[in-house]
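Participant:
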Amino acid sequence: MQSFELALKIKQDSFSKENQREQWYPIITIKMDGEIRLRVLLVEDEIRLAEALEQILKKQGYIVDVANDGAVGQDMAETGIYGVIILDRNLPSVEGVEVLKHLRKKHISTPIILLTAKDTVSNRIEGLDAGADDYLIKPFSKDELLARVRALSRRSENLQTSDTLCVASLNLDIRSQEVLIGREKTKLTVTEAQLLELLMRNQGQVLTKEQILDRIWGFDKEVEIKNVELYIFYLRKKIDFEKSGVSINTIRGVGYSLKEIQP
Ligand code: CA
Numbered sequence: 011m012q013s014f015e016l017a018l019k020i021k022q023d024s025f026s027k028e029n030q031r032e033q034w035y036p037i038i039t040i041k042m043d044g045e046i047r048l049r050v051l052l053v054e055d056e057i058r059l060a061e062a063l064e065q066i067l068k069k070q071g072y073i074v075d076v077a078n079d080g081a082v083g084q085d086m087a088e089t090g091i092y093g094v095i096i097l098d099r100n101l102p103s104v105e106g107v108e109v110l111k112h113l114r115k116k117h118i119s120t121p122i123i124l125l126t127a128k129d130t131v132s133n134r135i136e137g138l139d140a141g142a143d144d145y146l147i148k149p150f151s152k153d154e155l156l157a158r159v160r161a162l163s164r165r166s167e168n169l170q171t172s173d174t175l176c177v178a179s180l181n182l183d184i185r186s187q188e189v190l191i192g193r194e195k196t197k198l199t200v201t202e203a204q205l206l207e208l209l210m211r212n213q214g215q216v217l218t219k220e221q222i223l224d225r226i227w228g229f230d231k232e233v234e235i236k237n238v239e240l241y242i243f244y245l246r247k248k249i250d251f252e253k254s255g256v257s258i259n260t261i262r263g264v265g266y267s268l269k270e271i272q273p
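Quick note on my numbering: the sequence shown kicks off at 11 and runs consecutively.
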């Protein structure tokens, strides 16, 4: 078989396989071992505490990403892929409350638990005013943390189910996986919709292929970088981007960026 024929066959096979997988799950989760798991971001600079909390959360079945610094945590949180964020208040590079304010300004609505060492009323008010959903004072018990995470993950799931994303004339209903441009409706597969959602949530930013792979396919070891390219190809084929006023730009050797087309 010629190599281009083989490539085409692989494309067709994975396309039909993908079309069979229609069960929807939000981008704040990853499907792993047949289970839908919530992604939690932990931003904590005390390494030992961070490691302990990571283990506790993982044991409960959460997918946990850890940042040990405010700026890194902020970048990760901005992707909008987390169901709950646990954010320490006192952090190097960017303070927890500043991270919080920045995220809310960017319309990242992920529920956030703020961790703090000090418990004063003014401290608490400042945190809640900045957009925290909950507050935990160090030291806290494992059960207390897990109960708060459970409560916020329910809120997070409710936030997700009614969401429609919009950039220029491109509308994505993330629950039905339908794209609407004017009156034209296009049905996407789950993976296509998740990829488009990720790009739309990170509008104007460059996402590397590795980041996309990590965030869409999670820990599925069988999936390769080539799949990212393939799904970008599907999206470009299915959606009339020009009409929507949006484009997915390729940054050669790096990744992709979704941008509004400037008239
Ligand atoms: Ca700290």
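Built from N, CA and C at the ideal position, the CB exists for glycine as well.
Would you say the beta carbon of Glu-56 comes nearer than 7 Å to a heavy atom of ligand 1?
Facilitator: Correct: Glu-56 has its Cβ closer than 7 Å to ligand 1.
Participant: What residue range is occupied by the uninterrupted alpha helix (DSSP H) comprising Asp-85?
Facilitator: Per DSSP, Asp-85 belongs to the alpha helix (DSSP H) from 80-87.
Participant: According to DSSP, what are the bridge partners of Gly-265?
Facilitator: DSSP output for Gly-265 lists Thr-218, Ile-261 as bridge partner(s).
Participant: Can you give the Cα-Cα distance for Ile-147 and Thr-201, rounded to whole angstroms?
Facilitator: Distance between the alpha carbons of Ile-147 and Thr-201: 39 Å.
Participant: CB of Asn-100 to nearest heavy atom of ligand 1: below 7 Å?
Facilitator: Indeed, a heavy atom of ligand 1 lies less than 7 Å from the Cβ.
Participant: Roughly how many whole angstroms lie between the Cα atoms of Arg-262 and Asp-144?
Facilitator: The straight-line gap from Cα to Cα measures roughly 42 Å.
Participant: Would you mind giving the Cβ-Cβ distance between Gly-228 and Met-86, rounded to the nearest angstrom? I have them listed as a contact below 8 Å.
Facilitator: With a Cβ gap of about 15 Å, Gly-228 and Met-86 do not count as contacting.
Participant: Just the Cα atoms here: how many angstroms apart are Gln-213 and Glu-154?
Facilitator: Near 36 Å, if we compare the C-alpha coordinates of Glu-154 and Gln-213.
Participant: Leu-113: which of Ala-140, Leu-190, Ile-38 sits nearest, CA to CA?
Facilitator: For Leu-113, the nearest C-alpha among the options comes from Ala-140.
Participant: What number of angstroms, rounded off, separates the C-alpha of Thr-174 from the C-alpha of Leu-209?
Facilitator: Answer to the nearest angstrom: the Cα atoms are 14 Å apart.
Participant: Under 8 Å, with one C-beta from each stretch per pair, do the stretch 122-130 and the stretch 77-96 reach the 3-pair mark?
Facilitator: Judged by Cβ distances under 8 Å, the stretch 122-130 makes contact with the stretch 77-96, as three or more pairs qualify.
Participant: Any idea if Asn-237 is buried or exposed, counting beta-carbon neighbours within 10 angstroms, 16 or more meaning buried?
Facilitator: The residue is buried, with at least 16 neighbouring Cβ atoms inside 10 Å.
Participant: Take Gln-272 as the anchor and find which of Tyr-266, Gln-221, Ser-257, Val-264 has the nearest alpha-carbon.
Facilitator: Comparing Cα positions, the closest option is Ser-257.
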